[in-house]
Structure formats: C-alpha cells, structure tokens
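Visitor: Take a look at this one; I'll ask things after.
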Amino acid sequence: MSDIRVITPEEQEYQQLFIRQIREYYQKRCENTAPLAYVRTYGCQQNVADSERMKGLLSQMGFGFTESPEQADFILFNTCAVREHAEDRVFGNVGALKALKRRKPHLLIALCGCMMQQEHVAQKVYRSYPFVGLVFGTHVQHRLPELMAGVLFGGKRKVEIPSCDGVIAEGIPSVRDGGFKAFLSIMYGCNNFCTYCIVPYVRGRERSRDPETVVQEARELVEQGYKEITLLGQNVNSYGKGEAHGVTFPELLRRINAIPGDFVIRFMTSHPKDATRELFDTIAECEKVSRHFHLPFQSGSNRILKEMNRRYTREQYLELIEYARKTVPGITFTSDVIVGFPGEQREDFEQTLSLIREVGFASLFTFIFSPRKGTPAAQMEDPIPAEVKSAWFSEMTALQEELSGERLKNVVGTTQRALLEAEAGDYLEARLPDNSIVRVQGDPARIGEFVTVRITGARSYILTGEIEN
Ligand code: SAM
Ligand code: SF4
Ligand code: F3S
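Next comes the structure, spelled out in structure tokens:
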C-alpha cells in the first residue's frame, strides 16, 4: 500500500507561524536589512524546480538572495545522488564551508535533496561535518520554515529524512531563476526502478499533480510573460496513471496548448516504454509543443536493456522514432546513454554505436555507469576494467561529435523560428526548436522575443545566423 500524501492547506498554513518567527529573528539580527540566502542546486531540472519553491519560502521569510556564500546568512545545498561524481562535488563544496562557519558563527548551513534522502549519506554528513546545522530529505521540503526554526531557536543540529512514498505540496510560491523560461513540475517520483538508478529510492513513488492546478499554473506563467514552459517529471508519459481524473499526458498537453498566448511547451523526461503513438499525434496537432523530443535509450543492446529493466527493445525504440518522424515532420531527438553497465561486452557497446548512427541524434548526454548503493546493478558482476569503459566512452562521444557536425551542416541555409535567450559577448544567443543554439547579431532589448533566423554558417559545432524580422 502506498502512503503518498497530499499536504493539506492547514498543514501548509502551519508553516506561516515559523515564517513569521524567522522573519522577526532576522529583522533583529540583521538590523532591518534583509538577510541573504545562498542556494546552490546540483543535479537535474527537478532539483532546480524544488530549489525555486524553497526560494519561494525563503523569500516569505524575508530573505534576499546572493551568489556569494561569504555574504550569506543561510546556505542551502540541494544535492543530487545520480552518480558518484555528483556526490563527490557536494562533499568537496561542503568541506570548503568550514572556515566560513568559523568566521560567521550565526551562519546556518543546510543540506537537502536526493543525496541526503539516503540514510548512510545523511549520517556521514552529520558525523563528519559538525558545522552543518540541518540535513533534510526530499519529502519534507515544504517544511523548510519549521525545520530552520527548530535549529535556529532549538539550538540543536537536526536531521529530518522520514522515509515515505512521497508528498504533493501545493500553494508554495516559486522564485524562478530562468528569465522568461519556467519549469513546471507536473509529477514527482518514479516507479520504474531501472536497475542502475537511485532516483526511485530517493524521490519516492510516482505521483501526479492535479491537472487543473497544473493548467492554472501554466496560464499564470503565460500571463506573467514566460515564453517557454518545460513540464517536468521523471517519466512524464505516465502522467495521471492511477488517478481518478483520467487526464493523460497527451490530454494535459492539449489543455496547455489551448492557453492563449505566444509560448513554447517543452517537457522532460520521456520513457520509451510509455511514449505512445497518441503522444506523437498530439505533438503534431499542438502548434505550441516543441518539435524536439528527449528520449533516453540508455543502451542499444537488447541484452543490456533487459538487465537495466528498461522494458523496451532496440527495435521498439527505433519503431517509435520512425513513427515520430513520419507523424511530426522535422522532429529532432536527443537522448541519454550509459556505457560500461555491468557485464557489457564489446558486442553490446557496438549495438549502442549502431543505434546512435541509425537515429542521428541532435545531441547526446553520455554517462559512464556509476554504481549506486542500494540499487540492483551495484551488486552485479562488473569485470570490464575502468580504462576500457573510458575508451568506449571516448569512442562514443567522438562518433556523436562527427554526427552532430554533419547534422549542423545540413541546417545551414534553413530558416527557423528561435527564441532570443541571452547576450554572449558581441552576439545574442537564440534557441532553435531542436534545442541547439545559434549566434546572431541583434538588439539585446529583444531578448525574450521570438524571431525568424536564417542559418548562415556552422563552424566547430557553433551555428551562426541572421535575424530576418
Ligand atoms: N527519468 C529519466 C529517464 O528515465 O531517462 C532521467 C533519469 S536520470 C536523472 C538522468 C540520466 O542519468 C539517466 O537517463 C541515465 O542515463 C543517467 N544515470 C542514471 N543513473 C546512472 C548511473 N547509476 N550511472 C550512470 N548514469 C546514470
Ligand atoms: Fe531512473 Fe529509470 Fe526512473 Fe529514469 S525511469 S528516473 S532512469 S528509474
Ligand atoms: Fe539527481 Fe535527484 Fe535529479 S538524484 S538527477 S537531483 S532526481
């Protein structure tokens, strides 16, 4: 039996008590200047969205934000556990805060997120980093004010990592960082248990937000002037599964697409086993949905896919791509892939290379397998030496670079709609529908506008173009 809980409005209201106490505490401490928070986010977009909500709570507590830990009164690291490297970075960066805490005894340092949801990590942090005042997991982020008040007024360090299937907490305002681009979480958690992955253990069971709340939030984002909305979930294709409202992901896309305004809808991540033909038919009919699809394949070998518990075959993946290309002309694909999964042989790896060639991805996120404590793959025999895995990794990235280079050349001469995103030296950067960047000359005042760009050149994987309107 699942114990997913929807946080009641009363419970959320209870946090207001602590919000007021903390606000008053810092008003006295900081002599009426706003206290400052430094929030550092590791990992994926889910974590970025979580940090934006926690920043919303901090802002209610009276905090301003700083990019400099030295200036901060409160430091929050929202951590990621997906690979060992991600965890090592957090440990390194936390260690570096020791001297700062010595100089500024009133500084409160807190660690949260996926890495902290693992009991053994939380215990290690508590034992090894006595200057960290607060450690909390992924299921209690909505209680940030209460947890901070416990440490600030209780005078004791605190670890709060209840294990549960997860919560849905509504009504928390977000302080968004992305300019005119917004993340919108539509669901949380994951039920897929791919054998290499820690996410289902640290994020709990899959649960979807209510569709009306999601559509209303999307409407508000459009009204506030956001030009790009990215719908987030570990497996967005199974949105709504098991819920009484019966709204599926394609239906949710149609409802958001129907919101009046000029904006782009993106989403991630899709799982191939749940990406249906209906989804591609829906993309074809929804003009605001981006013609770019991130569809992780992880391995091109059926044997490894089975060991990974991915529940699709190479052939099914390729069929899906073929259907998508037929149904949505011009659609581009990006993907995630892992090399060096336990027991992977050269023949398996070559299947991965051939899949990469066959599909022709716009770009790839490539990873070397990293054993995660508590996952089935961490227990599997892994006879392939690290040097071999590194060599395969380089071979794969070289292939993708070659393919990306060829692809870019074909883009030269086309005219595309693009969103002007940022200033980069003498240029402006515009994002094309397939997520790649093109450099153009233009007025920085137009950043945030959609423009028509003619692609004029491609050099060293960088596209250049001219604005036509
Ligand atoms: N839910 C998404 C999916 O199913 O593709 C994304 C999951 S994860 C946050 C992002 C990527 O990290 C995965 O697609 C996978 O390629 C990679 N990854 C996850 N666990 C890993 C591990 N133990 N070692 C190496 N890469 C891993
Ligand atoms: Fe991890 Fe698989 Fe879930 Fe993605 S679908 S978060 S890779 S378990
Ligand atoms: Fe990392 Fe957690 Fe995302 S483990 S990749 S931050 S869901």
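Here numbering that gives the first Met the number 0 is used: the first residue of the sequence shown is 0, the next is one more, and so on. Heads up, the beta-carbon is just placed ideally off N, CA and C, and yes, glycines get one too.
Which of the three DSSP states is assigned to Arg290 in this structure?
Guide: As a first step, residue 290 is located in the sequence shown; it is residue number 291 there, counting from the start. Of the three classes helix, strand and coil, the one that applies to Arg290 here is coil, per DSSP.
Visitor: Hey, would you say the C-beta of His481 is under 8 Å away from at least one heavy atom of the ligand SF4?
Guide: Limits of the chain in this structure are 0 at one end and 468 at the other, which puts residue 481 out of reach.
Visitor: Does any heavy atom of the ligand SF4 sit closer than 8 Å to the C-beta of Val166?
Guide: Within the sequence shown, numbered from 1, the residue matching residue 166 stands at position 167. The answer is no for Val166.
Visitor: Determine the contact status of Met267 and Val235, defining contact as a CB-CB distance below 9 Å.
Guide: The sequence position of residue 267 within the sequence shown is 268, counting from 1. The sequence position of residue 235 within the sequence shown is 236, counting from 1. Yes, the pair counts as a contact, with Cβ atoms nearer than the cut-off.
Visitor: Which first and last residues belong to the alpha helix (DSSP H) in which Tyr460 is found?
Guide: Residue numbering aside, residue 460 sits at position 461 when the sequence shown is read from its first letter. Looking at the DSSP string, Tyr460 is not in any alpha helix (DSSP H), and its letter there is neither H nor E.
Visitor: Mind checking whether the beta-carbon of Cys193 lies closer than 8 Å to any heavy atom of the ligand SF4?
Guide: Within the sequence shown, the letter at position 194 stands for residue 193. Checking the Cβ of Cys193 against the ligand SF4 gives yes.
Visitor: Under the DSSP definition of a beta bridge, which residues are partnered with Ser207?
Guide: Counting from one through the sequence shown, the residue named residue 207 turns up at place 208. Note: Ser207 sits in a beta bridge opposite Met186.
Visitor: Looking at the structure shown, is Leu317 part of a helix, part of a strand, or coil, going by DSSP?
Guide: Walking along the sequence shown from the start, residue 317 turns up at place 318. Helix at Leu317.
Visitor: Please confirm whether Arg52 and Ile167 have their CB atoms less than 9 Å apart.
Guide: The count along the sequence shown starts at 1 and reaches residue 52 at position 53. The count along the sequence shown starts at 1 and reaches residue 167 at position 168. For Arg52 and Ile167, no; Cβs fall outside 9 Å.
Visitor: How about Val452 and Thr414: are their beta carbons less than 9 Å apart?
Guide: Within the sequence shown, numbered from 1, the residue matching residue 452 stands at position 453. Within the sequence shown, numbered from 1, the residue matching residue 414 stands at position 415. In this structure, Thr414 lies closer than 9 Å to Val452 by Cβ.
Visitor: In terms of residues, what are the limits of the alpha helix (DSSP H) holding Lys103?
Guide: Locating residue 103 in the sequence shown gives position 104, counting from the first residue. Lys103 -> no alpha helix (DSSP H), and no H or E assigned at all.
Visitor: Ends of the beta strand (DSSP E) at Met267?
Guide: Position 268 of the sequence shown, counting from 1, holds the residue named residue 267. Segment Val263 to Met267, the beta strand (DSSP E) holding Met267.
Visitor: Report buried or exposed for Leu16, applying the criterion of at least 16 other Cβ atoms within 10 angstroms of its Cβ.
Guide: Your numbering for residue 16 matches position 17 in the sequence shown. With fewer than 16 Cβ atoms within 10 Å of its Cβ, Leu16 is classed as exposed.
Visitor: Please state if the CB of Gln233 and the CB of Cys487 are separated by a distance shorter than 9 Å.
Guide: Examination of residue 487 is not possible in this model, given that the chain is present from 0 through 468 alone.
Visitor: Are there any heavy atoms of the ligand COA lying less than 8 Å away from the beta-carbon of Gln233, as far as the coordinates show?
Guide: Of the ligands one can find in the structure shown, namely the ligand SAM, the ligand SF4 and the ligand F3S, none is the ligand COA.
Visitor: Using the beta-carbon count (16 or more within 10 Å), is Glu86 buried or exposed?
Guide: In the sequence shown, residue 86 corresponds to position 87, counting from 1. Classification for Glu86: buried.
Visitor: Assuming Lys123 is part of the alpha helix (DSSP H), what are its boundary residues?
Guide: Here residue 123 refers to the residue found at position 124 of the sequence shown. From DSSP, the alpha helix (DSSP H) with Lys123 extends over Glu118 to Ser127.
Visitor: Is Pro34 closer than 9 Å to Asp72 when the C-beta atoms are compared?
Guide: Residue 72 sits at position 73 when you count from the first residue of the sequence shown. Residue 34 sits at position 35 when you count from the first residue of the sequence shown. It is a contact, given that the beta carbons lie within the stated cut-off.
Visitor: In angstroms with no decimal places, state the Cα-to-Cα distance between Thr7 and Leu402.
Guide: Within the sequence shown, the letter at position 8 stands for residue 7. Within the sequence shown, the letter at position 403 stands for residue 402. Their Cα atoms are separated by approximately 51 Å.
Visitor: Just to confirm my understanding: we take Ser1, look at its own chain, exclude 5 residues before and 5 after, and list those with CB closer than 6 Å. What are they?
Guide: By 1-based counting over the sequence shown, the position of residue 1 is 2. Asp164 and Arg204, listed in sequence order.
Visitor: Does the region 101-112 come into contact with the region 18-27, if we say contact requires no fewer than three beta-carbon pairs (one atom in each stretch) closer than 8 Å?
Guide: Segments in contact, no.
Visitor: Excluding sequence positions up to five away, which residues of its chain have a Cβ less than 6 Å from the Cβ of Arg371?
Guide: One-based indexing of the sequence shown puts residue 371 at position 372. Contacts found: Ile197 and Ala377.
Visitor: Looking only at its chain, what residues have a beta carbon closer than 8 Å to the beta carbon of Cys113, apart from the 5 residues adjacent to it on each side?
Guide: In the sequence shown, counting from the first residue as 1, residue 113 sits at position 114. Counting only Cβ-Cβ distances below 8 Å, and skipping sequence neighbours, we find Gly42, Asn46, Thr78, Cys79, Ala80, Val81, Thr137, Ile197, Val198, Val201 and Arg202.
Visitor: Give a single yes or no on whether Ala377 has its beta carbon closer than 8 Å to a heavy atom of the ligand F3S.
Guide: The residue you call residue 377 lines up with position 378 of the sequence shown. Incorrect: Ala377 has no Cβ contact closer than 8 Å to the ligand F3S.
Visitor: Just checking Asn92 against the ligand F3S - is the residue's beta carbon closer than 8 Å to any of the ligand's heavy atoms?
Guide: For the purposes of this step, residue 92 is taken as residue 93 along the sequence shown, with counting starting at 1. Because no heavy atom of the ligand F3S lies under 8 Å away, the Cβ of Asn92 does not count as near it: no.
Visitor: Once the 5 residues before and after Thr396 are set aside, which same chain residues still bring their CB inside 6 Å of it?
Guide: Walking along the sequence shown from the start, residue 396 turns up at place 397. Here the set comprises Thr365.
Visitor: Which of the three DSSP states is assigned to Gly153 in this structure?
Guide: On the sequence shown, position 154 is the one that residue 153 refers to. Helix.
Visitor: Give the single residue among Ser298, Arg309 and Ala217 whose Cα lies nearest to the Cα of Ala257.
Guide: Taking the first residue of the sequence shown as position 1, residue 257 is located at position 258. When each option's Cα is compared against that of Ala257, the closest is Ala217.
Visitor: By the DSSP assignment, the alpha helix (DSSP H) with Val38 in it spans what residues?
Guide: As a first step, residue 38 must be located in the sequence shown, where it is residue number 39. Taken as a continuous stretch (DSSP letters only), Val38 belongs to no alpha helix (DSSP H), being part of the beta strand (DSSP E) at Leu35 to Thr40.
Visitor: Please confirm whether Val288 and Ile320 have their CB atoms less than 9 Å apart.
Guide: On the sequence shown, position 289 is the one that residue 288 refers to. On the sequence shown, position 321 is the one that residue 320 refers to. Not in contact: Val288 and Ile320 (Cβ atoms no closer than 9 Å).
Visitor: Of the choices Tyr25, Asn434 and His84, whose alpha-carbon is the least far from that of Gly61?
Guide: Numbered from its first residue, the sequence shown carries residue 61 at position 62. Selected option, being the one with the closest Cα: Tyr25.
Visitor: Would you say the beta carbon of Cys79 is closer than 8 Å to some non-hydrogen atom of the ligand SF4?
Guide: Against the sequence shown, residue 79 aligns to sequence position 80. Not under cutoff, so the answer is no.
Visitor: How is Phe90 classed by DSSP in three states: helix, strand or coil?
Guide: Your numbering for residue 90 matches position 91 in the sequence shown. Reduced to three states, the DSSP call for Phe90 is helix.
Visitor: How is the beta strand (DSSP E) around Asn77 delimited, first residue to last?
Guide: Your numbering for residue 77 matches position 78 in the sequence shown. Per DSSP, Asn77 belongs to the beta strand (DSSP E) from Phe73 to Thr78.
Visitor: Nearest-angstrom Cα distance between Gln297 and Gly404?
Guide: Taking the sequence shown and counting its residues from 1, one reaches residue 297 at position 298. Taking the sequence shown and counting its residues from 1, one reaches residue 404 at position 405. The alpha-carbon atoms of Gln297 and Gly404 are separated by roughly 22 Å.
Visitor: What residues in its chain sit with their C-beta under 7 Å from that of Thr40, if we drop five residues either side in the sequence?
Guide: Position 41 of the sequence shown, counted from the start, is the residue given in the question as residue 40. Excluding positions up to five away in sequence, the list reads Asn46, Val47, Ser50 and Asn77.
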